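Since the structure comes first, as structure tokens, the remarks are kept for the end.
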Amino acid sequence: KAGVTQTPRYLIKTRGQQVTLSCSPISGHRSVSWYQQTPGQGLQFLFEYFSETQRNKGNFPGRFSGRQFSNSRSEMNVSTLELGDSALYLCASSSATLAPLHFGNGTRLTVT
Amino acid sequence: QQPVQSPQAVILREGEDAVINCSSSKALYSVHWYRQKHGEAPVFLMILLKGGEQKGHEKISASFNEKKQQSSLYLTASQLSYSGTYFCGTEQRRETSGSRLTFGEGTQLTVNP
Numbered sequence: 000k001a002g003v004t005q006t007p008r009y010l011i012k013t014r015g016q017q018v019t020l021s022c023s024p025i026s027g028h029r030s031v032s033w034y035q036q037t038p039g040q041g042l043q044f045l046f047e048y049f050s051e052t053q054r055n056k057g058n059f060p061g062r063f064s065g066r067q068f069s070n071s072r073s074e075m076n077v078s079t080l081e082l083g084d085s086a087l088y089l090c091a092s093s094s095a096t097l098a099p100l101h102f103g104n105g106t107r108l109t110v111t
Numbered sequence: 008q009q010p011v012q013s014p015q016a017v018i019l020r021e022g023e024d025a026v027i028n029c030s031s032s033k034a035l036y037s038v039h040w041y042r043q044k045h046g047e048a049p050v051f052l053m054i055l056l057k058g059g060e061q062k063g064h065e066k067i068s069a070s071f072n073e074k075k076q077q078s079s080l081y082l083t084a085s086q087l088s089y090s091g092t093y094f095c096g097t098e099q100r101r102e103t104s105g106s107r108l109t110f111g112e113g114t115q116l117t118v119n120p
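Sequence lines, in order, name chains A and B.
Just so you know, we're using the numbering used here here: the first sequence kicks off at 0 and counts up by one.
Just so you know, we're using the numbering used here here: the second sequence kicks off at 8 and counts up by one.
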């Protein structure tokens, strides 16, 4: 079974731009979560989608948004990028309630 | 609120044991443990639920003390492959069903030959 796939692996953007990250979950997984990982803050929850609906949301500004498509693939968008948005963005899928999260290898975003 | 992990880092020789603790100031419903090797994605180790039993995974086991809002991860007879950063993720409400985890800052474990 293929794992969670995130694209692209690396991105370099400048302040003020926007970016879209993509995540393909493991086949059959309907829940997709997004996390931001930075050296200082660790892993922080952004949001979770289930069956195309945002089920949970973390404490990030409105510049961070996401969506999920009918095939469970998910995208995350960050608008008006700031230097502090530089991070590794991890996507995770799971199959059921309290099931393990399966993480992708992440997209490393650098904002200059 | 972010759980507190201790120690922040630990260095072991192969075959030694280690304990990693995860504490929360709030009542917890579940505690999840993950390991991340450098440059790789976090990998699931185990989930402990309120009212559940101690879990085990080969030579890695964990406990969950609901009264103290604390979980401990036990690594026995450590192997080189155990090196990595260990994260605990906590959840306060059953309703979020394991899909919204608050992670600690991680414990960096290094196992040397």
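All residues carry an ideal CB built from backbone N, CA and C; glycine is no exception.
This one's a predicted model, so the numbers in the text were calculated from it and none came from an experiment.
Comparing alpha-carbon positions, the option among B:Ile27, B:Phe51, B:Gln99, B:Leu87 lying closest to Ser70 of chain B turns out to be B:Ile27. When DSSP states are grouped into helix, strand and coil, Leu80 of chain B belongs to the strand group. DSSP places Lys12 of chain A inside the beta strand (DSSP E), whose first and last residues are 9 to 12.
The three-state reading of DSSP puts Gly83 of chain A in helix, counting H, G and I together.
Inter-residue distance for Thr96 of chain A and Arg29 of chain A is about 11 Å (C-alpha atoms, whole angstroms). Around the beta carbon of Phe110 of chain B, a 10 Å sphere encloses 16 or more other beta carbons of the protein chains shown; the residue is thus reported as buried.
Within chain B, not a single residue places a beta-carbon under 9 Å from that of Pro7 of chain A; the smallest gap is close to 16 Å. Between the C-alpha atoms of Trp33 of chain A and Arg14 of chain A there is a straight-line separation of about 22 Å. Look at the segment 15 to 75 of chain B and you find these whole runs of beta strand (DSSP E), each 3 residues long or longer: 16 to 20, 25 to 30, 37 to 43, 50 to 56, 62 to 64, 67 to 72. Taking a Cβ-Cβ threshold of 7 Å, none of the residues of chain B is close to Glu74 of chain A; the smallest such distance is about 18 Å. The C-beta of Gly58 of chain B comes no closer than 8 Å to any C-beta of chain A. Rounded to whole angstroms, the separation of the alpha carbons of Tyr89 of chain B and Ala25 of chain B is 11 Å. Contact with chain A is absent for Ala34 of chain B, since none of that chain's Cβ atoms lies less than 8 Å from the residue's Cβ.
Residue pairing of Leu20 of chain A in beta bridges, as defined by DSSP: A:Met75.
In terms of Cα proximity to Gln67 of chain A, the closest of A:Gly61, A:Leu80, A:Asp84, A:Ala91 is A:Ala91.
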